[in-house]
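Peer 1: For reference, the structure I am asking about is given below.
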Amino acid sequence: MVLYYSWVLRAAVTDQAPRPGLFAGGSLGQRGSEESLSRAFADSRTRLMTWVKADDVASAVEDMAKGETKISLSRNNIHVEGSRALGEALAQNTGLCALEYVFMCLAYNKIGDTGAKAMADALACNSILQKLSLASNFRMTLLDAVDKIKFLLGKNKARAGRLQHYGSTEDDAPWLDAVHAVISHGDAHPWGRAKLMIVGRGAAGKTSTVRSLLGQSPIHEHRSTEVADVHRTRAHDWREVASDQGEFTAQVRFAAARRLRELADMSDAQQLDAPLQDVPSALPPLPSSSQELSGVASDPKPALHLEASPRQKALLSSEEVVRKFSITEDEQLLLQSSISSETRVSFTIWDYGGQEVFYALHHIFLTDKGLYLVVFDMREIVGKEIFKDSLSEEAYGKLATQEEALKSLRFWFDSIRMHAPDAPVLLVGTHKDQVHDLRQVNQKLLEASCLKRTRGTLIRPEGDLIFVPVDNTDTDPNRAASLRTLIAATAMAQSYVRKRVPLAWLKVHEDLLNSHAPYMSLEDIVDLAAAYGLPRRDVDAMLFFFHGLGVVVHLRGSQTLERFIVIDPQWLVDKLARVIADDLHAHKFFYDADLKASGLMPDFERLRDHCIASRRLLAWLWGNEAVDFLLEFMDANMLLCPWHFAHEAGSNEDFLVSGLLSTFSREVDTEDFEPGLSCELDFSEFFLPRGVFHRLVAQCAEYAARPSVIGDDEPMAPLLGSEQAMMSFGINNFLLSVKENVVRVSLAREAERPAMVIKLLVSMFREQEETVFRGLPWDLLLESPTSHVLVSYTKITKARSEGKFRARLRGRNSKRVATVSEFEPFFVEQIGALDTDEDGPAVPRAKAVSSLGPDEDTHVFLSHVQSTGGDLAETLRLKLENRGVKVWFDQSHKDKLNQEAMLDGVRRTRTYVLVLTEGIFKSKAVKAELRCALEAKKPIVLVHEPDTHRLSYTSFSEYITSTPDFCKDLLIEEESLPVRRKWYEEDSFFRELIRRCATTV
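By the UniProt record's numbering, the letter at position 144 of the sequence shown is numbered 144, and the numbering carries on one by one without gaps.
Laid out in C-alpha cells, this is it:
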C-alpha cells in the first residue's frame, strides 16, 4: 500500500470526512512541524487510508496483498528535530505496530548527520520499520550512523520473518514468559503520572509558558484559552505526546524487563533456566489496589486474581502477547538497562483560561494529584506604569494594576487551597525579557499577604527568588530548562507518582480510550473492569485515582454525577466552552453562517443578553452530540437550571445558564424594594468562591418555579444581574447580593415568611458546601431590625437557649452591640434552627392522615441496617412523625427488641419501607423482615441513600446484585425514592413518600 500524497489523518472518534495531512512534496519541515509529525504518528488512532489515483490502483492492490505499507514523506524539508520526533513517535504508535511491513521514504529532505544519528537511536527501540530511504539528504556523512540504521533495519526484517513463520523467536522465549507472567499476575508498576495545572490571570502568559515547557516555538500573538487546553508530555524529554495510547503496553514492557533483571540477579542458576511462570515472583506480593492507592481498608487477600477464572478474561490473549511484545535479545537487554529506581514522570498539562467566566468550572478540573503553576506577569507586580512608553497603547491597556495582579494571586492561592489543599504550588513570572530587576519582583511578592495563603505548599527554587522567571519570547527550545527541572523534581517527591498501579487498571484505561466514546456510564465501566477480575471497590479506587490525575473526569458530588465518567476531558472542556464563554470567545458566533441559517441567532442573542438558553440552541452548540448527558451534567453542577417563567420563556424548553451570570452587566432595579429582615452569609474567614452566588441564584430559580411553592399566586420572574438577583418564593420577595466575601439576603418588608426564606437559602448553600465546596468555612449573621448590627446566629441561639434575652452581643466588627431580644422576629415562625435541616414545631403536617385499621398499629415500618442506615432511618422517623405519620422503628422498642417483636411489627403495619444503604442485604434481620412483609402482602416502598460522599451510600447495581433470591425482582419492579435531607427539598420528598405509603385519605 503506497502512501504518498495519500496520507490522511482521521480521528476514529469522529465521522468527519478525511482531510489531507501528511504527504510528499509538502512543507513539514517548517518551524514547529516536528509537533505535527509527533502528534500524527504517535497517535494510535491515526489510520492509514488509500487515496490513490486511478493508475495507481493496481500497484496499491498488489502492495496490500503483500502486506506492505509505504510512507512517503520525501521533499518535505524535514530537518533534525522532525526526524527525531518522527522516530520517537513511530515507536509509540500501536496502530502501526500491527502492520506487517513498513517502508518509510525520507528522501530529498535536510536530515543531515545529526538527524541520521537521531533516527539510528530511535531505531534501537523500534521494531516497526524494515526499510528506510534517506537518499539525497545533504551533509549526511556520518557512516557509523548509516551503518547502524542498516543493521537495525535488517534485524527488524529478520525478526518479522521469524514471527511470520514461527509465531515467536527463540530469543523471545524468556522474554515472552516474563510478559505472560506479568499479565497473568497483574504486576503493579509505578505509572509515574502527574497532572500539571497552569493557572493565573488572563493574558499572564500561561499558554506561552506551556509552549516553553514543551520546547515549542514562541507565538508572539496572544491567543486566549477557552476553559482549558489539555496536553501530554514526558519529563525526560518534554515533547508533546499525542495521546495516552500505548501506556498499558509500555508498562507491561517495563514490568517484564524488571522481572527479568531481578530474576537475573538471583543467585540460584536453576531458577534462571526455569520458565518464569513456574518461578516465584521476585516482586513483593501484589497489594489490593484500593488499599494501596486510596487508603481504603480491604481484605488481606489480593484484590486481583493471579490466574484468570473461567468467567474472567485475560488482559491479553497469547496471540496478542506474541504480536505486541516479541522483541530481540538486544532489545530486551536495552529495556532491562533502562529500568532504574528512578520513575519516569509524564504529565497531563492543563492550561486553564484565566477569564472570570471560567471560574465556575474550577471544581470540575482542579484536582489534588498534581502540581500547580501559578503564572503571573512580572510587569504588573512591579507596576505597569514603568512600561508605558515601551508598549503599544493596546498592550499597555491589557496590563492589570499591581493591586489587581496581587488580588489575582490571592484568588488562585485560595482556589487551590479549596480544591487541593496539599498540592505543591510553583510561582512562575513571565516577561523576563522586559523585567530585569528580579529582586524587586521578589520583594513585592514577599511584602504581599497573598503568599501566606499557600500554607507551606509553595515550592521555592534554588537561590534567593521565590519564583521562577521565564522569557517566553526566547527561541531556545530549552529556555525553560530550570523550570522543567523543578517541576520534575517536585513531581517525583509526590507519593502518588511512585505508587504501583495494577496493570488491570491500565488495561481498563486503554479499553476506554479505544472505545472512542467521550463518556461512559459507571455501570459499563464496572462491567468492563469485572471482566478483568477487578471488584467494584477497586473500580471506585481506580476512577478516583484517574480523576485526580486528570486522566478522566469523574465527579462524586451527587448520584447523577457519579453515574457517568468522561473519558476525554478535552471533549468536555470544549463542549462547556461553547456555552460558558466570555464576550471575547462568544463573539465569533455572531458571524457564524450555520448558526444564522439554523434560525437560532435570536436564541443565541438571548443567551448572551439574558443568560437564557433554549434546548435547540444548546443542541446546536454541542453539535447534537450527547445533549441529554451534557444538560444533566451542567444541571448537577448547578451551572444551569430549568427556566419556567412564562413571560420570559421562548418556544422551546429553556434553561438559565447561571455560569454566564458573571458576564452580566445589567443592574437590578431595586427602587421599589423596601427591605425588611436581613442576614448575611459571611465567608471572610477564608474566601468566597466565585461560583457560590450564581449557583445559589440557579437553585432559587428552580425552586421558585415549583407548583408547590407558587400555589395559587402569580409568580415573579427573577430579575438577574452579575452581583444582584431579585427573586420570590411564593409572595415572599427577597434580594440577593454579593460583595467581596459576603452574600447578603434582604427580605421585602411585606414578606410573610422571612425566616422560612432564610432557612431555605441556607439549606441550598449547604448543598453546595457538601457537593462542590467541601470544607468551606462560613458564618450566618443576622441583622438586628432596629440597630442593624450584624451578629453571629450561633451566638444569638446560645444566648436564647440560656434565657439571656437582655444580653448585649457584639457585632461582626466588635465595636457595636445589639441585645438578644432585637432578633426575635427571626424566631417567631418556629421552623427550627436556621442553619440546619432540623424541623421546628411549625413543620407542615401531612394532609388528612388516614386512621389506622383494627389490625394496624402503625402507618409505616422502617426496615434498615443500623450500622450504615441508623442515622438516616432516625431522620425519616422523626420527620414522618412530625407530619402526623405513626412509625414502627426498632430503636423505639429497645425494651422488647427481638425478632418476633419486629416481625409482629411488620405484620401490624400498613406499609413496609425498606431503607437502602450500604450492606443492607447482609443483615439477617432485614431479610427476615422483608420476607415477612412479602408473605403478609404488605405494600413495599423503597428509599435509598443518594449522597455519594456518605458512608451509607453504595451504587444501585450493588443493591441489585446482592438482593436475596426470594425477592430478586423487587428492585427492578419497584422504583426507589432518593432521600432528600436538605430542608428546601424535603417537603416534596415527604409528600411523595407519604403518598406512596397510602397514609392519606
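Note that beta-carbon positions come from the ideal geometry of N, C-alpha and C, so glycine has one too. No experiment lies behind these values; they were computed from the predicted model shown.
When you compare the CB positions of Cys561 and Leu555, do they come within less than 8 Å of one another, or not?
Peer 2: Here residue 561 is taken as the residue at index 561 of the sequence shown, counted from 1. Here residue 555 is taken as the residue at index 555 of the sequence shown, counted from 1. For the record, residue 561 in the displayed sequence is Leu; it is not Cys. Cβ atoms of Leu561 and Leu555: closer than 8 Å.
Peer 1: Report yes if the C-beta distance between Asp187 and Ala255 is below 8 Å; otherwise report no.
Peer 2: Stepping through the sequence shown from its first residue, residue 187 is reached at position 187. Stepping through the sequence shown from its first residue, residue 255 is reached at position 255. For Asp187 and Ala255, yes; Cβs fall inside 8 Å.
Peer 1: Among the residues of its own chain, which have a CB less than 8 Å from the CB of Ala269, if the five just before and after it don't count?
Peer 2: The residue given as residue 269 occupies position 269 in the sequence shown. At Ala269, the pLDDT of 40 sits below 50, so the modelled position is not reliable; the number obtained from the coordinates is stated separately. So the list is empty, once near-sequence residues are dropped.
Peer 1: Between which two residues does the alpha helix (DSSP H) holding Glu632 run?
Peer 2: The sequence position of residue 632 within the sequence shown is 632, counting from 1. Looking at the DSSP string, the run of the alpha helix (DSSP H) that includes Glu632 is 627-636.
Peer 1: Mind checking who Gly115 pairs with in its DSSP beta bridge?
Peer 2: Within the sequence shown, the letter at position 115 stands for residue 115. DSSP lists no partner for Gly115.
Peer 1: Suppose you measure from the CA of Glu247 to the CA of Arg253; what does that come to, to the nearest Å?
Peer 2: Position 247 of the sequence shown, counted from the first residue, corresponds to residue 247. Position 253 of the sequence shown, counted from the first residue, corresponds to residue 253. Going from the Cα of Glu247 to the Cα of Arg253 covers about 10 Å.
Peer 1: Taking its Cβ as the centre, do 16 or more other Cβ atoms sit within 10 Å of Pro174, making it buried, or is it exposed?
Peer 2: Indexing the sequence shown from 1 puts residue 174 at position 174. That one is buried.
Peer 1: Measuring CA to CA, which of Gly353, Ala491, Phe358, Trp412 is closest to Val345?
Peer 2: Taking the first residue of the sequence shown as position 1, residue 345 is located at position 345. Among Gly353, Ala491, Phe358, Trp412, the Cα nearest to that of Val345 is on Ala491.
Peer 1: Straight-line CA distance for Glu935 to Ala873?
Peer 2: Walking along the sequence shown from the start, residue 935 turns up at place 935. Walking along the sequence shown from the start, residue 873 turns up at place 873. Going from the Cα of Glu935 to the Cα of Ala873 covers about 23 Å.
Peer 1: Which residues in the same chain as Glu356 place their Cβ atom closer than 6 Å to its Cβ, once the five residues preceding and following it in sequence are excluded?
Peer 2: Reading the sequence shown from its first residue, position 356 is the one you call residue 356. Cβ within range, chain order: Ser662.
Peer 1: Quick one: measure Cβ to Cβ for Val762 and Asp835, integer angstroms, because I've assumed they're closer than 8 Å.
Peer 2: Taking the first residue of the sequence shown as 1, we reach residue 762 at position 762. Taking the first residue of the sequence shown as 1, we reach residue 835 at position 835. That pair is a contact at about 6 Å.
Peer 1: Measuring alpha carbon to alpha carbon, tell me which residue in Phe376, Ile364, Ile831, Glu605 is nearest Phe633.
Peer 2: For this step, residue 633 is matched to residue 633 along the sequence shown. Comparing Cα positions, the closest option is Ile364.
Peer 1: Do you know whose CA, among Gln443, Asp987, Arg883, lies nearest Ile381's CA?
Peer 2: Working through the sequence shown from its first residue, we reach residue 381 at position 381. Nearest C-alpha to Ile381: Gln443.
Peer 1: So does the stretch 182-201 actually touch the stretch 369-381, counting three or more Cβ pairs closer than 8 Å?
Peer 2: yes
Peer 1: Quick one: what does DSSP say Tyr984 is sitting in, helix, strand or coil?
Peer 2: Walking along the sequence shown from the start, residue 984 turns up at place 984. Reduced to three states, the DSSP call for Tyr984 is helix.
Peer 1: Starting from Asn733, trace the beta strand (DSSP E) in both directions and tell me its first and last residue.
Peer 2: The residue labelled residue 733 in the question sits at position 733 within the sequence shown. Taken as a continuous stretch (DSSP letters only), the beta strand (DSSP E) holding Asn733 covers 732-739.
Peer 1: Rounded to whole angstroms, what is the Cα-Cα separation between Ser952 and His864?
Peer 2: Start at 1 with the first residue of the sequence shown, and residue 952 comes out as number 952. Start at 1 with the first residue of the sequence shown, and residue 864 comes out as number 864. The alpha-carbon atoms of Ser952 and His864 are separated by roughly 11 Å.
Peer 1: Quick one: what does DSSP say Gly167 is sitting in, helix, strand or coil?
Peer 2: On the sequence shown, residue 167 is found 167 positions in, with the first residue counted as 1. Reliability of the predicted coordinates at Gly167 is poor, the pLDDT of 47 falling under 50, and the value obtained from them is presented with this limitation in mind. Coil at Gly167, not helix or strand.
Peer 1: Going by DSSP, what residues sit across from Pro978 in a beta bridge?
Peer 2: Within the sequence shown, numbered from 1, the residue matching residue 978 stands at position 978. DSSP output for Pro978 lists His944 as bridge partner(s).
Peer 1: What distance in whole Å lies between the Cβ atoms of Leu781 and Val791, which are believed to be in contact at a cut-off of 8 Å?
Peer 2: The residue you call residue 791 lines up with position 791 of the sequence shown. The residue you call residue 781 lines up with position 781 of the sequence shown. That pair is a contact at about 7 Å.
Peer 1: Just verifying my parser: in three-state terms, what is the DSSP assignment at Tyr591?
Peer 2: Residue mapping note: residue 591 aligns to position 591 of the sequence shown, counting from 1. In the structure shown, Tyr591 sits in a helix (DSSP, three-state: H, G or I).
Peer 1: Taking the Cβ atom as the reference point for each residue, do Leu618 and Val573 lie within a distance shorter than 8 Å?
Peer 2: Here residue 618 is taken as the residue at index 618 of the sequence shown, counted from 1. Here residue 573 is taken as the residue at index 573 of the sequence shown, counted from 1. It is not a contact, given that the beta carbons lie outside the stated cut-off.
Peer 1: Measuring only the C-alpha atoms, how far is Glu769 from Val657?
Peer 2: Translated into positions along the sequence shown, residue 769 becomes position 769. Translated into positions along the sequence shown, residue 657 becomes position 657. Their backbone Cα atoms lie some 20 Å apart in a straight line.
Peer 1: Whose C-beta lies closer than 6 Å to the C-beta of Cys932 among residues of the same chain, with five residues either side of it excluded?
Peer 2: The count along the sequence shown starts at 1 and reaches residue 932 at position 932. Within the same chain, Cys932 has close Cβ partners Leu903, Val906.
Peer 1: Kindly list the residues whose CB is nearer than 6 Å to the CB of Leu880, restricted to its own chain and excluding five residues on each side of it in sequence; keep chain order.
Peer 2: To locate residue 880, count along the sequence shown from 1; it is residue 880. The answer, listed in chain order, is Val887.
Peer 1: Only counting the same chain, and skipping five residues up and downstream in sequence, which positions put a Cβ closer than 6 Å to that of Val913?
Peer 2: Residue 913 sits at position 913 when you count from the first residue of the sequence shown. Taking Val913 as the centre and dropping the five residues before and after it, the same chain places the C-beta of Val860, Leu862, Val941 closer than 6 Å to its C-beta, in chain order.
Peer 1: Which value, in whole angstroms, describes the spacing of the CA atoms of Gly552 and Ser208?
Peer 2: Counting from 1 along the sequence shown, the entry for residue 552 is found at position 552. Counting from 1 along the sequence shown, the entry for residue 208 is found at position 208. According to the sequence as given, residue 552 is Val; it is not Gly. Each residue's Cα considered, the two are about 25 Å apart.
Peer 1: In chain order, what residues of the same chain have a beta carbon less than 6 Å from the beta carbon of residue 1029, not counting five sequence neighbours either side?
Peer 2: There is no way to answer for residue 1029, as the model of the chain reaches only from 1 to 1001.
Peer 1: Who does Gly429 pair with in a DSSP beta bridge?
Peer 2: As a position in the sequence shown, residue 429 is number 429, starting the count at 1. The partner list for Gly429 (beta bridge, DSSP) reads Phe376, Pro469.
Peer 1: So the beta strand (DSSP E) Thr911 belongs to, where does it begin and stop?
Peer 2: Numbered from 1 along the sequence shown, position 911 holds the residue referred to as residue 911. Note, Thr911: beta strand (DSSP E), 909-916.
Peer 1: Would you please state the rounded distance, in angstroms, between the beta carbons of Ala488 and Ala250? I believe it to be under 8 Å.
Peer 2: If you number the sequence shown from 1, residue 488 lands on position 488. If you number the sequence shown from 1, residue 250 lands on position 250. So it is not a contact: roughly 18 Å between Cβ atoms.
Peer 1: Phe604 by DSSP, collapsed to three states: which one?
Peer 2: If you number the sequence shown from 1, residue 604 lands on position 604. Looking at Phe604 - three-state DSSP - the assignment turns out to be helix.
Peer 1: Going by beta-carbon coordinates alone, are Ala698 and Leu640 separated by less than 8 Å?
Peer 2: For the purposes of this step, residue 698 is identified with residue 698 of the sequence shown, where counting begins at 1. For the purposes of this step, residue 640 is identified with residue 640 of the sequence shown, where counting begins at 1. Yes, the Cβ-Cβ distance between Ala698 and Leu640 is below 8 Å.
Peer 1: Report, in whole angstroms, the separation of the C-beta atoms of Phe686 and Pro777, which I expect to be a contact under 8 Å.
Peer 2: Taking the first residue of the sequence shown as position 1, residue 686 is located at position 686. Taking the first residue of the sequence shown as position 1, residue 777 is located at position 777. Contact check for Phe686 and Pro777: beta-carbon distance about 5 Å, within the 8 Å limit, so the pair qualifies.
Peer 1: With H, G and I counted as helix, E and B as strand and the rest as coil, what does DSSP make of Phe664?
Peer 2: Your numbering for residue 664 matches position 664 in the sequence shown. In the structure shown, Phe664 sits in coil (DSSP, three-state: anything other than H, G, I, E or B).
Peer 1: Which residue from Val979, Arg774, Asp527, Asn733 puts its Cα closest to that of Thr961?
Peer 2: As a working note, residue 961 is residue 961 in the sequence shown. Of Val979, Arg774, Asp527, Asn733, the residue nearest in Cα terms is Asp527.
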